């Protein structure tokens, strides 16, 4: 609720209701509508008004001399909209202010001008980038349901991992019903319903929000244990997936990627794509399927952004085509110490380490369906991603039973334990690969976008560096965004954090800015701590992975 005294002695009252009322305007906003008001709507404002009366005894509706009821623009995720729309030239959008236009517009205008002048963002504006939205998020029904919730969350508690409640069940992975039957609790990313964790049959599959330990932690601990000690099944079907083909496909990727893509057929390459400043536009995996055919796998939330970025850099007169196959391909990953033992009898190819090395891909048959197996891992264990036609996903799922499925909360916990970077957390248009400790994924002997800036930084040193942290205290729960202190001085924030079921305490990653540029990969002597709920807790830093730093598990 909102109270404000006026110069004439009156009061201004207002409220952000828990559920707002969508404006029913038909097909479009009237062409002559500009800062106009709507009729008073006392029935809808009755509840907030009663709450005001409860706090301001003596006022009645008769005391109201003016009822201001006007429309305001809200977006599906409560962040404003900025940038060039997907695959569109000559148009730059800046709007959807979510009732924060006065506060945001000066800075937004400054960086919009820089974006237009430089042909790209000059700092990380991913949270407001218009390309984060999918086409279905522009639908009338979707928007009316979602924005009615968005307005209400302005002054609600910003719980860790909070999920939107409206406009759900609009995008299902092929095995959604299988996960639902196993009592999965779903979270939403880019519209996809993804299993976060699996609750016991006698427990509700829901999240009880808290800044402390949330109700799903024990379930996730068991899922992580299964993957680390035995075997687990990960449904990663929502990965964005493209194919780039044509005579100019290789030269295009060589220009876009920091890593060398001119590799033998079947090789899987992890690489970043950078802008002219040398900072990340994305990170992804490229598999060379043939001389002029490449399979590209990237993060769920990057589907539109990455397709747009690659498309804008295709040669206009070249022989190269980019095709989005995200919804046509499912991905089931088998991970854990027993992955080879489980999969070997099912596959028509040799899975021994000599025949199927890490970072390679082969096609095989499982249960009669064609599968592209890729030996990589996002959780730090031996395993294979199995990419299969979406229509055949159920066949593969059934053949892999009874491997225990695990949700995205477990995947995230293991990612952070392993120190794997993620776009939107450790990687963004504010960070370079050298700052993120990913210089190993760069081929300095070839040309690529951003190389000049990175060569300069390599010579002068970085001003910040990504560090892994392990808390000494076993009871504190971190969520990300916590201040990092060095000798009591704030030097950064955590970018990813969470409880580590394997280590039995919270772990985190975050960029630190030491007093002097870092060239040797170290940092000045001193004690690090992480601030949580107003208290500082000692944290042990390392540039290596907190879990299996020698990579023995993944390469076994």
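In our numbering, the protein residues as written are 1045 to 1600. C-beta: ideal position from N, C-alpha, C; glycine also. What you are looking at is a predicted structure, and each value in this text was computed from that prediction instead of being measured.
I'd like to check one pair, residue 1528 with residue 1511: are the Cβ atoms closer than 9 angstroms?
Counting from one through the chain shown, the residue named residue 1511 turns up at place 467. Counting from one through the chain shown, the residue named residue 1528 turns up at place 484. Cβ atoms of residue 1511 and residue 1528: closer than 9 angstroms.
By DSSP's criteria, residue 1327 is part of a beta bridge. Which residues make up the other side?
Counted from its first residue, the chain shown places residue 1327 at position 283. DSSP, once it has assigned bridges, lists 1316 as partnering residue 1327.
At the level of alpha carbons, what is the spacing between residue 1058 and residue 1046?
Position 14 of the chain shown, counting from 1, holds the residue named residue 1058. Position 2 of the chain shown, counting from 1, holds the residue named residue 1046. Going from the Cα of residue 1058 to the Cα of residue 1046 covers about 5 angstroms.
Coarse secondary structure for residue 1381, derived from DSSP in three states:
Locating residue 1381 in the chain shown gives position 337, where the first residue counts as 1. Three-state DSSP puts residue 1381 in coil, outside helix and strand.
Indicate the three-state DSSP secondary structure (helix, strand or coil) for residue 1223 in the structure shown.
As a working note, residue 1223 is residue 179 in the chain shown. Three-state result, residue 1223: helix.
Under the three-state DSSP convention, the category residue 1296 falls into:
Along the chain shown, read from residue 1 onward, the residue named residue 1296 stands at position 252. Three-state DSSP puts residue 1296 in a helix.
Whole beta strand (DSSP E) elements within the region 1402-1445, 3-residue minimum
1405-1410, 1413-1418, 1427-1433
In this structure, does DSSP put residue 1365 in helix, strand or coil?
Taking the chain shown and counting its residues from 1, one reaches residue 1365 at position 321. Reduced to three states, the DSSP call for residue 1365 is strand.
Are the region 1454-1473 and the region 1413-1433 touching, with three or more C-beta to C-beta distances below 8 angstroms?
yes
I need the DSSP call for residue 1458, collapsed to helix, strand or coil.
Walking along the chain shown from the start, residue 1458 turns up at place 414. In the structure shown, residue 1458 sits in a helix (DSSP, three-state: H, G or I).
Return yes when the Cβ of residue 1186 is within less than 9 angstroms of the Cβ of residue 1169, no when it is not.
Within the chain shown, the letter at position 125 stands for residue 1169. Within the chain shown, the letter at position 142 stands for residue 1186. Contact: no.
Ends of the beta strand (DSSP E) at residue 1535?
For the purposes of this step, residue 1535 is taken as the residue at position 491 of the chain shown. Looking at the DSSP string, the run of the beta strand (DSSP E) that includes residue 1535 is 1533-1544.
Compare the beta carbon distance of residue 1064 and residue 1118 with 9 angstroms and say whether it is the shorter of the two.
By one-based count along the chain shown, residue 1064 stands at place 20. By one-based count along the chain shown, residue 1118 stands at place 74. Contact flag set, yes.
Please classify residue 1479 as buried or exposed, where buried requires at least 16 other C-beta atoms within 10 Å of its C-beta.
Start at 1 with the first residue of the chain shown, and residue 1479 comes out as number 435. With 16 or more other Cβ atoms within 10 Å, it is buried.
If you draw a straight line from the alpha carbon of residue 1197 to that of residue 1206, how long is it in whole angstroms?
By one-based count along the chain shown, residue 1197 stands at place 153. By one-based count along the chain shown, residue 1206 stands at place 162. Approximately 10 angstroms between the Cα atoms of the pair.
Residue 1586, buried or exposed, once every other Cβ within 10 Å from all chains shown has been counted against 16:
Start at 1 with the first residue of the chain shown, and residue 1586 comes out as number 542. With fewer than 16 Cβ atoms within 10 Å of its Cβ, residue 1586 is classed as exposed.
Collapsed DSSP secondary structure at residue 1391 in the structure displayed:
As a position in the chain shown, residue 1391 is number 347, starting the count at 1. In the structure shown, residue 1391 sits in coil (DSSP, three-state: anything other than H, G, I, E or B).
If residue 1369 sits next to residue 1443, beta carbons under 8 angstroms apart, how far is it from one beta carbon to the other, in whole angstroms?
Position 325 of the chain shown, counted from the first residue, corresponds to residue 1369. Position 399 of the chain shown, counted from the first residue, corresponds to residue 1443. The Cβ separation is near 23 angstroms, so there is no contact.
Along the chain, which unbroken stretches of the alpha helix (DSSP H) at least 4 residues long are found entirely within the region 1056-1099?
1086-1099
Cβ of residue 1544 within 9 angstroms of Cβ of residue 1551?
Stepping through the chain shown from its first residue, residue 1544 is reached at position 500. Stepping through the chain shown from its first residue, residue 1551 is reached at position 507. Yes. Within cutoff.
What separation, rounded to the nearest whole angstrom, lies between the Cα atoms of residue 1439 and residue 1413?
Along the chain shown, one-based indexing puts residue 1439 at 395. Along the chain shown, one-based indexing puts residue 1413 at 369. Near 8 angstroms, if we compare the C-alpha coordinates of residue 1413 and residue 1439.
Identify whether residue 1480 lies in helix, strand or coil by the three-state DSSP scheme.
As a first step, residue 1480 is located in the chain shown; it is residue number 436 there, counting from the start. In the structure shown, residue 1480 sits in coil (DSSP, three-state: anything other than H, G, I, E or B).
With DSSP as the reference, label residue 1305 as helix, strand or coil.
If you number the chain shown from 1, residue 1305 lands on position 261. It is coil, neither helix nor strand.
My parser needs the alpha helix (DSSP H) runs of 4 or more residues fully inside the region 1149-1200; what are they?
1184-1194
Say the cut is 8 angstroms; is the CB of residue 1346 nearer than that to a heavy atom of the ligand GTP?
Because no ligand of any kind appears in the structure shown, any question about the ligand GTP cannot be addressed here.
Using the C-alpha atoms, what's the distance from residue 1352 back to residue 1364?
Within the chain shown, the letter at position 320 stands for residue 1364. Within the chain shown, the letter at position 308 stands for residue 1352. Going from the Cα of residue 1364 to the Cα of residue 1352 covers about 15 angstroms.
Closest by C-alpha distance to residue 1318, when choosing among 1349, 1338, 1182, 1309:
Within the chain shown, numbered from 1, the residue matching residue 1318 stands at position 274. Considering only alpha carbons, the answer is 1349.
How many Å lie between residue 1581 and residue 1531 at the Cα?
Within the chain shown, numbered from 1, the residue matching residue 1581 stands at position 537. Within the chain shown, numbered from 1, the residue matching residue 1531 stands at position 487. Cα to Cα, the separation comes out at about 12 angstroms.
Rounded to the nearest angstrom, how far is the Cβ of residue 1451 from that of residue 1240, given a contact under 8 angstroms?
Stepping through the chain shown from its first residue, residue 1451 is reached at position 407. Stepping through the chain shown from its first residue, residue 1240 is reached at position 196. At roughly 5 angstroms, the Cβ-Cβ gap stays under 8 angstroms, so residue 1451 and residue 1240 are in contact.
Within a Cβ cutoff of 8 angstroms, which residues of the same chain sit near residue 1294, ignoring the five residues on either side of it in sequence?
On the chain shown, residue 1294 is found 250 positions in, with the first residue counted as 1. The residues are 1305, 1306, 1335, 1336, 1338.
Quick check: the Cα distance between residue 1466 and residue 1171, rounded to an integer number of angstroms?
As a position in the chain shown, residue 1466 is number 422, starting the count at 1. As a position in the chain shown, residue 1171 is number 127, starting the count at 1. If I take the Cα positions, the gap works out to 15 angstroms.
Could you pull the DSSP bridge partners for residue 1287 from this structure?
On the chain shown, position 243 is the one that residue 1287 refers to. 1339, 1367, per the DSSP bridge assignment.
Using the C-alpha atoms, what's the distance from residue 1483 back to residue 1296?
Within the chain shown, residue 1296 is the residue found at index 252, counting from 1. Within the chain shown, residue 1483 is the residue found at index 439, counting from 1. Their Cα atoms are separated by approximately 21 angstroms.
Coarse secondary structure for residue 1053, derived from DSSP in three states:
Working through the chain shown from its first residue, we reach residue 1053 at position 9. Note: residue 1053 maps to coil in three-state DSSP.
Leaving out five residues on either side along the sequence, give the residues of the same chain with a beta carbon under 8 angstroms from the beta carbon of residue 1553.
Here residue 1553 corresponds to residue number 509 of the chain shown, with the count starting at 1. If we look at residue 1553 and ignore the five residues flanking it on each side, its Cβ neighbours are 1460, 1463, 1465, 1469, 1470, 1510, 1511, 1512, 1513, 1538, 1539, 1540, 1541.
Enclosing alpha helix (DSSP H) for residue 1507 [first to last residue]
On the chain shown, residue 1507 is found 463 positions in, with the first residue counted as 1. Careful: residue 1507 lies outside any alpha helix (DSSP H) and carries neither H nor E.
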